[in-house]
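Trainee: First the structure, which I've put down as structure tokens, then a few questions once you've had a look.
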Amino acid sequence: MKTILVTGAAGFIGFHLAKRLLDAGHEVVGLDNVNDYYDPKLKRDRLRLLEPMTNFSLREVSLENRTEIEKLFLDIRFDRVVHLAAQAGVRYSIENPMAYIDSNIVGTMNILEGCRHQKMPHLVYASSSSVYGTNTTQPFSVHQNVDHPISLYAATKKSNELMAHTYSHLFDLPTTGLRFFTVYGPWGRPDMALYKFTKAIFEDTPIDVYNHGKMQRDFTYVDDIVTALVRSMDHIPQANANWDSNSPDPSSSAAPYRIYNIGNHQPTELAYFIEVLEKAIGKTAKKNYLPMQMGDVPATYADIADLQADIGFAPNTSIEVGIQAFVQWYREYHHVVAR
12 MKTILVTGAA GFIGFHLAKR LLDAGHEVVG LDNVNDYYDP KLKRDRLRLL
62 EPMTNFSLRE VSLENRTEIE KLFLDIRFDR VVHLAAQAGV RYSIENPMAY
112 IDSNIVGTMN ILEGCRHQKM PHLVYASSSS VYGTNTTQPF SVHQNVDHPI
162 SLYAATKKSN ELMAHTYSHL FDLPTTGLRF FTVYGPWGRP DMALYKFTKA
212 IFEDTPIDVY NHGKMQRDFT YVDDIVTALV RSMDHIPQAN ANWDSNSPDP
262 SSSAAPYRIY NIGNHQPTEL AYFIEVLEKA IGKTAKKNYL PMQMGDVPAT
312 YADIADLQAD IGFAPNTSIE VGIQAFVQWY REYHHVVAR
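The numbering of the sequence shown is the numbering used here, which starts it at 12 and goes up by one.
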């Protein structure tokens with residue numbers, strides 16, 4: 012059994028990962044500042060499911076608090092670090108850019124420093140499909156260059172990958188970056204489309220449908236994401252002996268560094284996504300069709316061939332199954348009476 016630091020343990024993916032690890036018998040130290048980017052009550056309710064477990068402990072600390080992060084790594088010897096905490100949201104990064112610098116840049120730097128000084132066997136961290144920015148070649152591949160982000164959120168995630176590579180190169184710190192593609196499922200974030208749409212449909216209020224429903228997203232169910240995370244933790248990257256500095260592959264390196272996509276490998280049009288949700292709820296949505304928002308991309312589609320080859324796993328939860336599971340959780344959590 013391992014002692015594992017999970018940053019963002021009160022968050023959507025962090026909560027699911029922590030629970031999976033705890034159920035498997037690992038010691039989990041959760042790090043989270045339980046901020047108010049969205050209702051902290053949801054975060055507290057997630058934590059309430061973790062806190063009774065004797066192999067779980069929580070450090071309520073902000074990533075950018077260098078003194079406290081240093082103390083954490085001095086107090087506890089970790090076998091793995093899974094860094095999921097971040098300031099999330101593409102559109103919010105336009106409104107409040109400094110929050111992304113503080114959490115995603117400064118905070119990640121503090122985690123990298125803690126891992127360096129502790130000679131961490133493996134750091135796994137969350138990146139994002141948003142790094143593909145203006146790329147249009149689909150499916151998105153980790154072997155493509157991603158030098159043209161179109162939101163500050165994406166820029167900070169690309170920066171995290173560069174920072175991790177630097178530490179892999181300078182300090183021989185094995186790092187694996189996982190580019191998540193539109194994660195959804197029970198206990199999801201209220202600022203994401205599925206949660207907002209479900210709430211609006213139950214409350215009989217209109218939903219905003221951007222790009223007139225023609226957006227495509229590689230929606231990925233949270234349980235699939237967690238399975239990939241768990242498998243990745245023990246797949247420690249090695250230096251790529253065939254890496255060519257004259258023709259560099261962005262996904263690997265002469266250092267112990269690796270990047271993977273985690274997506275469903277099956278883009279879904281937003282209009283169909285809403286149709287499936289309407290069927291799961293049993294009610295038609297009122298739709299307010301709008302053009303695409305600033306900072307958004309028309310489509311995402313993950314090439315997961317490297318993930319399949321290296322850890323032997325591919326997500327397999329269909330949209331129909333995943334949305335039904337979310338709606339069931341939403342009804343129970345919000346005490347919505349079926350009609």
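We treat Cβ as the ideally placed atom computed from N, Cα and C, and that holds for glycine. From a predicted model like this one, the values you see are computed outputs, not experimental measurements.
Could you tell me how far apart the beta carbons of T148 and Q227 are, in whole angstroms, since I believe they sit closer than 8 Å?
Mentor: Their Cβ separation, rounded to whole angstroms, is 14 Å, which puts T148 and Q227 out of contact at 8 Å.
Trainee: Decide if K297 is buried, meaning its Cβ has at least 16 other Cβ atoms within 10 Å, or exposed.
Mentor: The residue is exposed, with fewer than 16 neighbouring Cβ atoms inside 10 Å.
Trainee: For A316 and T328, what's the separation of their Cα atoms in angstroms?
Mentor: Between A316 and T328, the C-alpha separation is close to 17 Å.
Trainee: Please check the pair V157 and V135, which I expect to be a contact at CB under 8 Å, by giving their CB distance rounded to whole angstroms.
Mentor: With 8 Å as the limit, V157 and V135 do not qualify as a contact, their Cβ atoms being about 19 Å apart.
Trainee: Using the rule of at least 16 other Cβ atoms within 10 Å of the residue's Cβ for burial, across every protein chain shown, is T187 buried or exposed?
Mentor: Classification of T187: buried, given that the 10 Å Cβ count is 16 or more.
Trainee: Using 8 Å as the Cβ pair cut-off and three pairs as the minimum, do the segment 271-283 and the segment 252-259 touch?
Mentor: Cβ pair count under 8 Å is below three, so no.
Trainee: What is the rounded straight-line gap between the Cα of Y300 and the Cα of Q277?
Mentor: Straight-line Cα distance between these residues: approximately 24 Å.
Trainee: Could you check whether Q249 and A291 sit closer than 8 Å to each other, using their CB atoms as the reference points?
Mentor: Cβ atoms of A291 and Q249: not closer than 8 Å.
Trainee: If you measure from the beta carbon of P248 to each beta carbon in chain C, is any gap under 8 Å?
Mentor: In summary, chain C is missing from the structure at hand, where a single protein chain is found.
Trainee: Using a Cβ-Cβ cutoff of less than 8 Å, which residues in the same chain neighbour P309 once the five nearest sequence positions on both sides are dropped?
Mentor: Closer than 8 Å at the Cβ level, and outside the excluded window around P309, lie N222, K225, M226, Q227, M303.
Trainee: When you compare each of L58, Y49, H246 to L28 by their alpha carbons, which one comes out closest?
Mentor: The shortest C-alpha separation from L28 is found at L58.
Trainee: So within the segment 72-146, which uninterrupted beta strand (DSSP E) runs reach at least 3 residues, ignoring any that extend past its ends?
Mentor: With a minimum length of 3 residues, the continuous beta strand (DSSP E) runs that stay inside the segment 72-146 are 91-94, 134-139.
Trainee: Let me check understanding here. Comparing Cα to Cα, which of L33, D86, K54 lies closest to P63?
Mentor: The candidate whose alpha carbon is nearest that of P63 is L33.
Trainee: Between which two residues does the alpha helix (DSSP H) carrying N171 extend?
Mentor: From DSSP, the alpha helix (DSSP H) with N171 extends over 163-182.
Trainee: In whole angstroms, give me the CA-to-CA distance for F284 and G333.
Mentor: About 11 Å.
Trainee: Compute the Euclidean distance between the alpha carbons of K210 and K130, then round it to the nearest angstrom.
Mentor: Cα to Cα, K210 sits roughly 45 Å from K130.
Trainee: Across the segment 158-172 and the segment 100-116, are there enough close Cβ pairs to call them in contact, namely three or more that are closer than 8 Å?
Mentor: Enough Cβ pairs lie closer than 8 Å, so yes.
Trainee: Express the C-alpha separation of A325 and K207 in angstroms, rounding to a whole number.
Mentor: One C-alpha to the other measures close to 28 Å.
Trainee: Quick check on G7: does DSSP put it in helix, strand or coil?
Mentor: Absent from the structure is residue 7, since the part of the chain shown begins at 12 and ends at 350.
Trainee: Please list the terminal residues of the continuous alpha helix (DSSP H) segment that includes E289.
Mentor: 281-292 is the span of the alpha helix (DSSP H), which, as asked, contains E289.
Trainee: If I follow the unbroken beta strand (DSSP E) through V17, where does it start and stop?
Mentor: V17 -> beta strand (DSSP E) spans 14-18.
Trainee: Between the Cα of G144 and the Cα atoms of T167, L60, E124, which residue gives the shortest distance?
Mentor: It is T167 whose Cα lies nearest to the Cα of G144.
Trainee: Can you tell me whether DSSP reads G25 as helix, strand or coil?
Mentor: In this structure, G25 counts as helix in the three-state DSSP scheme.
Trainee: Using DSSP with H/G/I as helix, E/B as strand and the rest coil, what is T209?
Mentor: Three-state DSSP puts T209 in a helix.
Trainee: Hey, how far is the Cα of H180 from the Cα of D307?
Mentor: Their backbone Cα atoms lie some 33 Å apart in a straight line.
Trainee: According to DSSP, simplified to helix, strand and coil, what is Q339?
Mentor: In the structure shown, Q339 sits in a helix (DSSP, three-state: H, G or I).
Trainee: Candidates K54, E38, H37, V39: which alpha carbon is nearest V45's?
Mentor: Among K54, E38, H37, V39, the Cα nearest to that of V45 belongs to K54.
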